[in-house]
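**Student:**
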Amino acid sequence: MGDAKTILKTKKLAPPKMTGGGQKTTQKETYEKRVLDTRSEISGDVVGKVILHDHQRLENTYKMVPDEEQRFKTFKVENLMKDMLKQRLDGITYNGPQCGIIAKELSADIKLKVKDLKWSRHKVVVQVLVGQDLEQSVNFGSRCLWDKNNDTYACARYTNENVFAVAACFGIYYE
Numbered sequence: 001m002g003d004a005k006t007i008l009k010t011k012k013l014a015p016p017k018m019t020g021g022g023q024k025t026t027q028k029e030t031y032e033k034r035v036l037d038t039r040s041e042i043s044g045d046v047v048g049k050v051i052l053h054d055h056q057r058l059e060n061t062y063k064m065v066p067d068e069e070q071r072f073k074t075f076k077v078e079n080l081m082k083d084m085l086k087q088r089l090d091g092i093t094y095n096g097p098q099c100g101i102i103a104k105e106l107s108a109d110i111k112l113k114v115k116d117l118k119w120s121r122h123k124v125v126v127q128v129l130v131g132q133d134l135e136q137s138v139n140f141g142s143r144c145l146w147d148k149n150n151d152t153y154a155c156a157r158y159t160n161e162n163v164f165a166v167a168a169c170f171g172i173y174y175e
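So the sequence shown is residues 1 to 175, counted in full-length UniProt numbering.
1) Could you check where the alpha helix (DSSP H) with residue 101 kicks off and where it finishes?
2) Is there contact here, the stretch 92 to 105 with the stretch 140 to 147, by at least three beta-carbon pairs under 8 Å?
3) DSSP puts residue 158 in a beta bridge; with which residues?
4) Along the beta strand (DSSP E) that carries residue 123, what are the first and last residues, could you check?
5) So if DSSP puts residue 153 in a beta bridge, which residue, or which two residues, is it bridged to?
6) Would you mind reading off the limits of the alpha helix (DSSP H) that contains residue 79?
7) According to the neighbour-count rule (16 or more other Cβ atoms, all chains shown, within 10 Å of its Cβ), is residue 120 buried or exposed?
8) According to DSSP, is residue 70 part of a helix, a strand, or is it coil?
9) Please return the same chain residues whose Cβ sits closer than 6 Å to the Cβ of residue 155, not counting the five positions on each side in sequence.
In structure tokens, the structure reads:
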């Protein structure tokens with residue numbers, strides 16, 4: 001939480017405001033609560049680290065459909081995810097806590113690689129599941145509200161004698 005406090009110190013804040021209940025709350029407390037509640041992630045690797053997101057605002061293009069070269073291409077993403085899963089998981093054995101960390105890293109890496117493909121105006125969401133392969137049945141599902149003509153997803157899986165992994169990447173077009 002130290003990063004959020006140093007950011008708060010650099011901002012100029014107004015004097016405390018009185019709330020309806022007679023309790024004093026400062027803008028600093030309100031800002032800190034809002035930062036920690038909405039626009040932050042808690043990193044699993046470093047306890048207490050807050051990552052603030054800078055959101056880029058885009059001008060309206062009034063395009064309801066992406067250009068053909070800017071469409072999310074599932075075959076490219078599937079091949080990219082298959083290669084990344086194979087490269088990262090080839091030869092490892094199952095270890096619960098380690099596989100959780102690997103799933104987070106794979107998710108972040110896949111998201112960065114897909115963003116490197118430079119498809120503008122697409123939100124990229126990646127889910128990765130890594131588990132122990134005991135010849136069991138696993139169902140991996142998701143539900144979204146989207147435009148079936150412009151939004152799509154890619155899915156890839158990997159198995160070896162000890163571990164299975166499923167990765168899904170969703171490309172949602174911003175209108």
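No residue lacks a Cβ here, since even glycine has one placed at the ideal position from N, Cα and C.
**Tutor:** Taking the geometry as given:
1) 96 to 115
2) no
3) Residue 158 is bridged by DSSP to 165.
4) 122 to 132
5) Secondary-structure assignment with DSSP links residue 153 through a beta bridge to 170.
6) 74 to 89 is the span of the alpha helix (DSSP H), which, as asked, contains residue 79.
7) exposed
8) helix
9) 168
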